[in-house]
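S.K.:
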Amino acid sequence: MMVRTLLLGIFLSFPVIIAAKDWQTRFEKSNGLRTPRYVETIAFAKKLADASSFVEYKPFGTSPQGRELPLLIVDLNGNFDPQSVRASGNVVVLIQAGIHAGESDGKDAGLMLVRDWIIRNRFPGELQNITLLFIPIFNVDGHERFGLFNRINQNGPEETGWRVTAQNLNLNRDYLKADTPEMQAWLRLYTRWLPEFFVDCHVTDGADYQYTVTYKMPTQGTAAPAITGWMKNDFLPPVRQAMQQAGFPIIQYIFFRKRHDVLSGLESWAESPRFSQGYVALHNRAGLLIETHMLKNYKTRVHGTYQMLLHTLRTVDRQKEKLQQAVRESERFTASNAFREEPFPLRWKDTDDSVMIDFLGVEYEIVHSDISGGDWFRYYPDRPETFRIPYYYHQEPTVTVRLPRAYIVPVEWRTVIERLQLHGVKMEQLHSAKKYRIQTCKFKNAEWRRTPYEGRHPLSFETDLINEERVFPSGSVIIPLDQPAARVAINILEPQAPDSYVSWGFFDAIFERREYAESYVLEELARNMLAEDANLKTEFLNKISSDSAFAKSPSARLMFFYERSPYFDRRWNIYPVGRITDAD
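As numbered in the numbering used here, residues 629 to 1212 make up the sequence shown, in order.
(1) Taking the C-alpha atoms as reference points, what is the distance between ASN925 and GLN782?
(2) Using only the alpha-carbon positions, how far apart do ASP1197 and MET1187 sit?
(3) For THR1014, count neighbouring C-beta atoms within 10 Å of its own C-beta (all shown protein chains included) and say buried if the count is 16 or more, exposed if not.
(4) Taking all protein chains shown into account, decide if HIS1059 is buried (16 or more other Cβ within 10 angstroms of its Cβ) or exposed.
(5) Is it buried or exposed, ILE646, if we count other Cβ atoms within 10 angstroms and call 16 or more buried?
(6) According to DSSP, is TYR1148 part of a helix, a strand, or is it coil?
(7) Quick one: what's got a C-beta closer than 8 Å to MET629's C-beta in the same chain, skipping five residues either side?
(8) What would DSSP say about TRP1004, mapped onto helix, strand or coil?
(9) What residue range does the beta strand (DSSP E) around THR850 cover?
(10) Quick one, which of LYS1070, LEU722, GLU957 and ALA794 has its alpha-carbon nearest VAL742's?
(11) In angstroms with no decimal places, state the Cα-to-Cα distance between LEU1087 and GLU1122.
(12) Roughly how many whole angstroms lie between the Cα atoms of LEU1158 and TYR1148?
(13) Under three-state DSSP, which class holds ASN1073?
(14) PRO865 by DSSP, collapsed to three states: which one?
(15) Under 9 Å between the Cβ atoms of ARG1207 and GLN1111?
(16) Whole angstroms is fine: what's the gap from ILE727's alpha carbon to ARG902's?
(17) In three-state terms, what does DSSP make of ASN1095?
(18) Run through the DSSP bridge pairs and tell me what GLY915 is partnered with.
(19) How would you label ALA914, buried or exposed, when you count the other beta carbons within 10 angstroms and need 16 or more for buried?
(20) If you measure between the beta carbons of LEU739 and THR788, is that distance less than 9 Å?
(21) Going along the chain, which residues of its own chain have a beta-carbon closer than 8 Å to the beta-carbon of GLN1049, five neighbours each way excluded?
(22) Which residues in the same chain as ILE765 place their Cβ atom closer than 7 Å to its Cβ, once the five residues preceding and following it in sequence are excluded?
(23) Any idea if TYR1008 is buried or exposed, counting beta-carbon neighbours within 10 angstroms, 16 or more meaning buried?
(24) What's the C-alpha gap between HIS921 and ARG885?
(25) For GLN711, does the count of other Cβ atoms within 10 angstroms reach 16, so buried, or fall short, so exposed?
(26) Taking 7 Å as the limit between beta carbons, can you name the residues of its chain near ARG868, skipping five residues before and five after?
(27) Only counting the same chain, and skipping five residues up and downstream in sequence, which positions put a Cβ closer than 6 Å to that of TYR1195?
(28) How should MET871 be labelled, buried or exposed, when 16 other C-beta atoms within 10 angstroms of its C-beta is the threshold for buried?
(29) Give every residue of the same chain whose Cβ lies closer than 6 Å to the Cβ of LEU634, excluding the five residues on either side of it in the sequence, and list them in chain order.
(30) How is PHE961 classed by DSSP in three states: helix, strand or coil?
(31) Taking DSSP as the reference, what is the three-state secondary structure of TYR1129?
(32) Only counting the same chain, and skipping five residues up and downstream in sequence, which positions put a Cβ closer than 7 Å to that of VAL1044?
(33) So for ARG1011, helix, strand or coil by DSSP?
(34) Assuming contact is defined by CB atoms lying nearer than 9 Å, are LYS1072 and GLU1090 in contact in what I supplied?
(35) Ignoring anything shorter than 4 residues, give me the alpha helix (DSSP H) runs that lie fully in the region 1029–1056, in order along the chain.
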């Protein structure tokens, strides 16, 4: 393998010297002012593949507007499929750029990095243990909504793409619900390869400060202990040191407890699986979010991203065995009885636990605005200042659940079953109807968001747990939790999870009452029920005396009896997914 790499460098060194400008990117030719359009980006990616037997260009899907979703695979052994790569022992790294197409730093940095690695042989003897999957543009349709005025907060490039897709959806809210064709294609790619390390390149909004590059990793409790420990102890320390030496000191993604106000302190949070790094944690993988600072000029941001990607690859290359071992341990733990015996956290909150840190900021003042009437944060980037501020580092669970042995999803909820399969969740299909004793829930006080969010109207609700026996028809699926993808299934099927399919509206039909009763029928029914049940009569009279709204509503008073009659729909508001907790 080393010989092939050296031969490639020798073979390409002469033509590259002669035609060096042929390998310059649009970014470099413009001195860091511009980023290439889609067609030029694809042409450069294909040129890399044509020039080297170590690079393959392979689209992984098609956008709603018909564009290829581009993928470059880089492997010094010439292996371009998961089976041969796994057999070689390489660690797989997926770097993704342009999920928000206006944030193009990762695209330009990644193209230069692959070129410098493979064509210019600038890292001889390094990156031998890595197979790289590189998506230069994920949101390809949004990328081609190109313009001068797409990112008001961002300092360059001169023109860039749009944040969301042609369907006006944000891909970085779609990982778990997977509504978009782009995300469904990405999930097929991801679950086929299951890369040990994932990088998502972005540009951040927020305050002004000295850092060019900030980052976020799922180290707050959403990932398995082994992979969390590897990210904290084996990955971040050497990368921080390397970035400091490269002239790009880094700090975790900047989000202040009071928006824009540095002195209020830096917050942490546990990533929801609607976001990329939160999602890969469910698969027991390491995820890195890169957020460059939007107020830095484009040239500086791209070079900062380049350095972060390079030192990430170098660290993963050196840590190959430890990372692969952490992934294996995490998968074994997630599929074990020990995992299911502990309460599983679904939601988290920030606490007041903090440590004091040095923050490389800039001088600022808070001025009362005569235009907005609120606070105007005025930053002075030419006046750097180091602040001593609290970092609120600790998260604690607010909602936990005792895990079942398995879930069971009725066959009629085909869309949910197909999405679970898309996420790589293993399941067993019933070949005949079978009765199970299950735990499920009845929903109450459901409220839908009035305005759409990501093409849906998410809902909030309360639940009452119920136990029942239910016959599940042939074709229903059982999802055992003794599998590596258990965390994915839990976050989809536990109603109180932040991105559960209940909260995203996949089960909205169960909240609709489909049978009704005429008032003149209920009048007679109510009288018969009162005559036959003294306790019911007492309950009815007590409700009239204690609930004035009920007492004044003829329909509510009649509904009181309908709901207690054998005619009422007992499946209304009942969750169709069951939790199997016994040995059935």
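Cβ coordinates follow ideal geometry from the N, Cα and C atoms, glycine included.
M.R.: Here's the rundown:
(1) 8 Å
(2) 12 Å
(3) exposed
(4) Counting other Cβ atoms within 10 Å of its Cβ, HIS1059 stays below 16 and is therefore classed as exposed.
(5) With a pLDDT of 35 at ILE646, under the threshold of 50, the modelled position of that residue is not reliable, and no figure is offered here.
(6) helix
(7) Because the pLDDT at MET629 is just 43, under 50, the model does not fix this residue reliably, and the value given afterwards should be weighed accordingly. Once the five neighbours on either side are set aside, the close Cβ partners of MET629 are LEU704, ASN705 and GLN756.
(8) Note: TRP1004 maps to strand in three-state DSSP.
(9) No beta strand (DSSP E) contains THR850, which DSSP labels as neither H nor E.
(10) LEU722
(11) 14 Å
(12) C-alpha separation (whole angstroms): 16 Å.
(13) strand
(14) helix
(15) Judged by their CB atoms, ARG1207 and GLN1111 are not nearer to each other than the 9 Å cut-off.
(16) 13 Å
(17) strand
(18) Bridge partners of GLY915 according to DSSP: PHE826.
(19) With 16 or more other Cβ atoms within 10 Å, it is buried.
(20) For LEU739 and THR788, no; Cβs fall outside 9 Å.
(21) MET1055
(22) TYR666, THR669, PRO698, ALA725, GLY726, ALA729, LYS735 and HIS771
(23) exposed
(24) 18 Å
(25) exposed
(26) ILE878
(27) none
(28) MET871 sits buried, since 16 or more C-beta atoms from the chains shown fall within 10 Å of its C-beta.
(29) Low confidence applies to LEU634: its pLDDT is 42, below 50, so where it sits in the model is not reliable enough to give any reading.
(30) helix
(31) Coil, per DSSP.
(32) VAL1037, TYR1129 and PHE1134
(33) strand
(34) yes
(35) Unbroken alpha helix (DSSP H) runs of no fewer than 4 residues, entirely contained in the region 1029–1056, are found at 1042–1050, following chain order.
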